[in-house]
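Right, one structure below, let's go through it.
Residue numbers (the numbering used here): 87 to 246.
Shown next as structure tokens:
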């Protein structure tokens with residue numbers, strides 16, 4: 087529907103043949119005033135010079151970074167991703183294109199338990215190392231931090 091006459095023609099040709107108890111005439115009568123207001127606003131905006139948003143030269147790209155929290159354990163999440171582009175060519179007509187795709191985010195059933203088990207094992211090793219009175223600790227923290235290598239450590243121990 088590009089013109090208000092199209093809306094009136096739709097009302098005469100389609101809506102008038104619908105039964106009174108049908109949902110379509112009720113929904114159309116509720117939204118007709120709102121549709122008129124929206125079309126009036128669009129007409130005002132399109133009358134002005136077109137310069138909305140970001141202008142891109144030909145053959146260039148733009149990226150939009152985003153983040154999304156992963157779904158909870160064993161629950162997948164479906165979402166629609168939509169991108170809308172409005173552009174104007176040499177013919178001074180504003181064109182709008184929308185690309186939409188449905189994405190399913192699947193969680194890993196092993197992410198939480200595996201992370202918990204690895205965390206517990208590392209926690210156990212750290213506790214045993216820090217509480218150990220033994221000189222032969224399970225982890226040599228200086229080697230782990232990269233301060234010196236295991237080869238240098240073994241040479242130093244052989245000299246002592």
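From the three backbone atoms N, C-alpha and C, an ideal C-beta is built for every residue, glycine too.
Could you check whether residue j and residue i sit closer than 8 angstroms to each other, using their CB atoms as the reference points?
| i | j | result |
| --- | --- | --- |
| residue 180 | residue 172 | yes |
| residue 166 | residue 188 | yes |
What distance in whole Å lies between the Cβ atoms of residue j and residue i, which are believed to be in contact at a cut-off of 8 angstroms?
| i | j | result |
| --- | --- | --- |
| residue 153 | residue 190 | At roughly 18 angstroms, the Cβ-Cβ gap does not stay under 8 angstroms, so residue 153 and residue 190 are not in contact. |
Using the Cα positions of residue i and residue j, report the straight-line distance between them to the nearest angstrom.
| i | j | result |
| --- | --- | --- |
| residue 214 | residue 246 | 26 angstroms |
| residue 104 | residue 92 | 18 angstroms |
| residue 113 | residue 129 | 24 angstroms |
| residue 102 | residue 109 | 13 angstroms |
| residue 192 | residue 186 | 19 angstroms |
| residue 145 | residue 175 | 14 angstroms |
| residue 100 | residue 201 | 60 angstroms |
| residue 204 | residue 127 | 58 angstroms |
| residue 37 | residue 125 | In this structure the chain extends from 87 to 246, so residue 37 is not present and cannot be described. |
| residue 209 | residue 150 | 39 angstroms |
| residue 98 | residue 143 | 45 angstroms |
| residue 96 | residue 106 | 16 angstroms |
| residue 164 | residue 240 | 55 angstroms |
According to DSSP, is residue i part of a helix, a strand, or is it coil?
| i | result |
| --- | --- |
| residue 170 | strand |
| residue 175 | coil |
| residue 124 | helix |
| residue 87 | The predicted position of residue 87 is uncertain, since its pLDDT is 46 and thus under 50; a value taken from the coordinates is nonetheless stated next. Correct three-state label for residue 87: coil. |
| residue 180 | strand |
| residue 241 | helix |
| residue 191 | strand |
| residue 186 | strand |
| residue 100 | coil |
| residue 161 | coil |
| residue 106 | coil |
Cα-Cα, which of the options is closest to residue i?
| i | options | result |
| --- | --- | --- |
| residue 148 | 169, 99 and 164 | 169 |
| residue 122 | 98, 107, 106 and 94 | 94 |
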